[in-house]
Structures are given as C-alpha cells and as structure tokens.
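J.: Here it is, the structure in full.
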Amino acid sequence: MVSWLWCGGLPARASLCPAYACRRKSSYVGSEGGWLRIGKTRVRLSHPKRKELVPQNYACNISHSQSWLSHMQWMAQKDALGQDMFLVGPPGSLPRRLAFAYCELTRREMEYVSLSRDTTETDLKQRREIVAGTVHYVNQPAVESALEGRVLVLEGVEKAERNVLPVLNNLLENREMQLDDGRLIVAPQRYDRLVEYDGEEMAREWNLLRASERFRVIAIGAPVPPYRGNPLDPPLRSRFQARSIQPLNYQELSDLLSLQYPDISHRNLSSLVQFVLTLRTVSTTLPGGPVDISQQLHHVLEILSDMPGISVEELLLKIYPADLLGTMKTFRDTVEKFEVKETTNKIHIHSLVPRTSQGKIEVELHGTSPSKSNVFGDKSDGVSSLLVPCGPHPDGVTTNGQEQSLIEESDYVPTEVHEDILARMIQSHKTGDFCLVGGKGTGKETLVKRFASLLGYEVETVVLYQVTLCMSLSLCMYTCMLALVEVQSWCIITGHDIS
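Right, dumping it as structure tokens:
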C-alpha cells in the first residue's frame, strides 16, 4: 500500500483521505521548507511565483486508487532524479489528469501544449509578432518552461509530425536550445561555471540564458500500434523515462464511482462497470485499438443520478457513438449481456426557470417510456429537474404554468423530433460540452441557435474546412493601421454524419 504524508505547515498524521485532499488549500500557503512524501519518496514543494499556472481541483480523488498513488510515486521519483517522463496509455484524459494532479500536489507551475499535425517548430520555441510596427520574438511554452523552471506537458505525441519534436532533442538531453532571436539556452551547471570564470556581464554579451534545474517535461501519448498515429522517434524516446498508464480495474473503478455517486444502486453501478470492462476487452480486435470509456462514465452517472429512469443505453451511446464508428453489433451484444436496456421513448422540455444568483437555469424535463409510464424516479408527474449552466442573457427564459413560453424565432418550427433532440441537448449540457452530429439539412444549426436562445447564450459560428488549422479555432489575426492584433474567439462545432 502506498501511503501519503504531508509535512511542512500541515498535520503530520495521516494518509490523504478524500476530505483532507479537498482541504489542501491550507497546504498551498504552508510554511517554507514544506515537502510532500508519497510512500518512501519525498519531493520538495515549490513556491510558485504565478499561482494561476498551478493546476487546481485535479488531486481530490487521487487517494481513492492505489494505481493512481503508484503513478504519483513513480513521477515523484523521476522528478527527484531530474528525469523527464513519458506517460503511455490509451487515448483519454487519465494521463493528463495525473500530470496535472502531480503539478498541483507539488505546487509546480505548468505549461501545456496539445500537439497535432498542425503543430510547428514555432509553436514550441519562439513566435514572431509585430507590435507597434516592430518585430518581436515571443517565447512559447517550451522556452518559458525551461527558463522559469516549470513543468512542460506535451500531450498527443503520436499526432505530431516527426520533424517537429526532434527540435526538443537537445533541450531534453543537454538542456540547451538555440533560439530564433540569436540567444542560446544553456544547462544550469555549464552556465554557472561560465559565470564563475567570466562573470555575469560576459554571459549577457554572449546572449546566454540559464535553463532552470527545476525544468521538467511530461510527455503524453498513445502506443502506436495498436492506436493510429506516428511512431515515436527513437532518439527522442531515449530522452524519457516511460510509464504505462492503464485504466482502473473492476474493484478500483467500482469503489471510486460508489464514493462519487452514492445515490445510484450498487447493481446499476456494477452493470455499468462490467459493461465498460467488457467493451474494452472485445474491442481489442477492432481497427483503431481497444476502446476505454471509463473516464467518460461520470457523464452517464451524473445524468442518471438526476433521472433514474432515463435510457442507460442512450447515455452510453453519447460517450461511445457505436453507430458512427461501425461497431453497433459489438455494442448491442454487450448491452444485452448486462441488461442495460432502453426504457425512455421521448423527452420534452416542461419548463425553464432562471436561477441568476447561481448562474444557472433550472430545467424541468418530462419523459415517457414505450408503455407511456413516467420514467423519472418516483415523481408522480414524471418531471425531473436539472440545474444546467446558462449564458450571460438568461432573463429571456420564462415559464407559463405547465406550458413553457418559448422565445419566438422565425426560423424555428417546433416538431416532436426536434423538441426531443433539444431536451437531450440540454441534458448533455449538464455534464459539459457536446457534439451535434447529423446529415445535411437536418436542422443542426437551427437547433444550436434554439438551444442558445433558451439558455441565454450568444452564438459564434466558425465554418470549418479541410485546411482549417487548429489555431483558427482559438486565435485569428488581422492587420490594422497600427499593428498585427490577435483576437481570441469561441465557437460551437457541429458535424455531418459521415457514416
């Protein structure tokens, strides 16, 4: 068993229990000289200059799993040895969350880069920008992390082109990098020796920059094969210490979900966990590698805890769209094996009530099963309430008794099918973002606009093409009379059914 012990401004008793983990803010402002011990490994706690770069709310559930504690201990060991890490595992959020949790527990500032086929050398080193008619070089995450002693998290290593990541080879091996503006990052030991013999002034004349001894790199990627992507360049691979991050087993996953969702019966939880593990096993022969949806299971359970009678099969299809992936037969066979069957026929919006003080809207949904019976728990009227996030203009939402008073829009004609989809969109919105998929002309954009008007959101439309770069979704550049300006934008994406 791996135990946790905090010291330095904290009680020296005890393992990191869930309640204690969530009170870690007191440790964040602990006394100087604090340290974190995981098992027999001890790591010095940092004192960040920019606290906004330290991840938050990722470490609450770490103590619930011995596997996660083991990963944390391994990362602490490599950090203490000054080694860079490579977390290898199935696609999903688990490796990223572990990296963020480690940075949170050790109070380390972090820079994050999501790699893709559009990532270039400029995105990692330096980017040229025009400010007031003058060209400036702006340090990117890899350079900033090396100079400031931060943790650089590189996710999606298998997606990057093979000529991009070797740019980091020398930085990883020798802590050196030649920058586009003519300066040179030098390893801390070499820089200190140069300063000792020649002085700080000479180092500045030579355009030398000192890399921090606290600089670390955590790379995240999926094994290729069985998953799609580019194999990791062998010289680059040799710079990392690798760790296989596998999903939780049945016992750990069941225990974790039981703690997080105590209102859901043990039988339903057990069936869902067995379904996830069985799907992972039977999908090993499918193209694209094994499928693991355990990290997305909380989306299903959050909705299921509010709507006990909702279709579990439909909720599972939201996190694993088997009909679009061509694996519907495998999905159906697994569903029937564990008796996860559909019960709900139609859902429609019953009423919407703004809760502006909470920044949310209370939505009441009404659903019926094929037998026309109520499906939302033991409520006599078959109505279930959800609190969902809302936009900056929720005051336009009103109710009128049992019937909802909808905002009149000339391009929206309510039909039974669209009202059902709209209710399910609001249902999915409770747990986070979602993607609306359908054929051409089926009303996707109209439904998005209707959804936005009901919840008080503003709509920003971005048309995507095959040549659209990933940066186009977050930043756009335009030239004005004074300078080149970058403007941040936000968008909602819909897609066509290409199956």
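In this text, residue positions in the sequence shown follow the UniProt record's numbering: the first is 1, and each later residue adds one.
Cβ atoms here follow ideal geometry from the backbone N, Cα and C, with glycine treated the same way.
Keep in mind that this is a model prediction, so the values were computed, not measured.
1) Would you please state the rounded distance, in angstroms, between the beta carbons of Glu-176 and Asn-170? I believe it to be under 8 Å.
2) List the DSSP bridge partners of Pro-389.
3) Buried or exposed, going by whether 16 or more other CB atoms sit within 10 Å of the CB of Asp-180?
4) Based on DSSP bridge pairs, tell me the residues matched to Thr-134.
5) Given this structure, state the Cα-to-Cα distance separating Ser-474 from Glu-336, to the nearest angstrom.
6) Tell me the rounded alpha-carbon separation between Lys-159 and Val-167.
7) Who are the Cβ neighbours of residue 500 in its own chain at under 7 Å, not counting the five residues just before and after it?
8) What does DSSP give as the partner residue(s) for Asn-61 in the beta ladder?
9) Rounded to a whole number of angstroms, what is the C-alpha to C-alpha distance between Thr-330 and Leu-279?
10) When you compare only the Cα positions, how much space is there between Gln-427 and Ile-303?
11) Tell me which residues share the same chain as Asp-84 and place their Cβ nearer than 8 Å to its Cβ, disregarding the 5 neighbours each side in the sequence.
12) Determine contact between the region 91-106 and the region 57-71, defined as no fewer than three beta-carbon pairs at a distance below 8 Å.
13) Taking 8 Å as the limit between beta carbons, can you name the residues of its chain near Asn-268, skipping five residues before and five after?
14) Short check: CB of Ala-187 to CB of Pro-91, under 7 Å?
15) Is Gln-66 helix, strand or coil by DSSP?
16) Which of the three DSSP states, helix, strand or coil, is assigned to Trp-206?
17) Is it the case that the Cβ atoms of Cys-470 and Asp-118 are separated by a distance below 7 Å?
18) Can you have a look at Arg-450 and say buried or exposed, based on whether 16 or more other CB atoms are within 10 angstroms of its CB?
19) Compare the C-alpha of Trp-74 against each of Lys-40, Asp-420 and Val-138 and name the closest.
20) Roughly how many angstroms separate the alpha carbons of Cys-435 and Pro-290, rounded to a whole number?
21) Mind checking Leu-259: buried by the 16 CB within 10 Å criterion, or exposed?
22) Compute the beta-carbon to beta-carbon distance between Ile-349 and Ala-452, rounded to the nearest angstrom, for a pair I have assumed lies under 8 Å.
23) Using DSSP with H/G/I as helix, E/B as strand and the rest coil, what is Thr-468?
24) Could you tell me which residues DSSP pairs with Leu-179 in its beta bridges?
25) Distance check for Trp-35 and Arg-24, CA to CA, integer angstroms please.
26) Would you kindly check if the distance between the Cβ of Leu-277 and the Cβ of Pro-320 is under 7 Å?
27) Per DSSP, what kind of secondary structure is Val-164 in: helix, strand or coil?
28) Can you tell me where the alpha helix (DSSP H) holding Leu-422 begins and where it ends?
29) Which runs of the alpha helix (DSSP H) at least 4 residues long sit entirely within the region 433-466? Give them in chain order.
30) Could you work out which residue in Thr-442, Ser-212, Thr-285 and Val-363 is closest to Tyr-227 when comparing CA atoms only?
31) Using only the alpha-carbon positions, how far apart do Leu-184 and Ala-203 sit?
32) Name the two residues that bound the continuous beta strand (DSSP E) containing Tyr-112.
33) The beta strand (DSSP E) with Met-307 in it runs from where to where?
34) Checking 7 Å against the spacing of the C-beta atoms, do Ser-244 and Val-273 come in under that value?
35) Can you tell me which of the three DSSP states Thr-327 falls into?
36) Between Tyr-137 and Val-131, what straight-line distance do the alpha-carbon atoms span, to the nearest angstrom?
T.: Quick look at the numbers:
1) 5 Å
2) Lys-360
3) exposed
4) Val-131
5) 42 Å
6) 15 Å
7) Outside the modelled stretch of the chain, which goes from 1 to 499, sits residue 500, for which no answer is possible.
8) According to DSSP, Asn-61 bridges with nothing at all.
9) Taking C-alpha positions only, Thr-330 is separated from Leu-279 by approximately 8 Å.
10) In a straight line, the C-alpha of Gln-427 is about 7 Å away from that of Ile-303.
11) Lys-78, Leu-172, Arg-216, Val-217, Ile-218, Ala-219, Arg-239, Phe-240 and Gln-241
12) By the C-beta criterion, the region 91-106 is judged to be in contact with the region 57-71, since at least 3 inter-stretch pairs fall below 8 Å.
13) Leu-304 and Val-312
14) No. Outside cutoff.
15) The answer is helix: DSSP assigns Gln-66 an H, G or I state.
16) coil
17) yes
18) buried
19) Nearest C-alpha to Trp-74: Lys-40.
20) 22 Å
21) By the neighbour-count definition (other C-beta atoms within 10 Å, threshold 16), Leu-259 is an exposed residue.
22) Not really, about 14 Å apart at Cβ, beyond 8 Å.
23) coil
24) Partner(s): none; Leu-179 has no beta bridge.
25) Reliability of the predicted coordinates at Arg-24 is poor, the pLDDT of 38 falling under 50, and no value is obtained from them.
26) The sequence given here places Tyr at residue 320; Pro does not occur at that position. Contact flag unset, no.
27) In the structure shown, Val-164 falls within a coil segment according to DSSP collapsed to helix, strand and coil.
28) Taken as a continuous stretch (DSSP letters only), the alpha helix (DSSP H) holding Leu-422 covers 416-429.
29) 444-455
30) Thr-285
31) 10 Å
32) 110-114
33) Bounds of any beta strand (DSSP E) do not take in Met-307, whose DSSP letter is neither H nor E.
34) no
35) Here Thr-327 sits in coil by DSSP.
36) 10 Å
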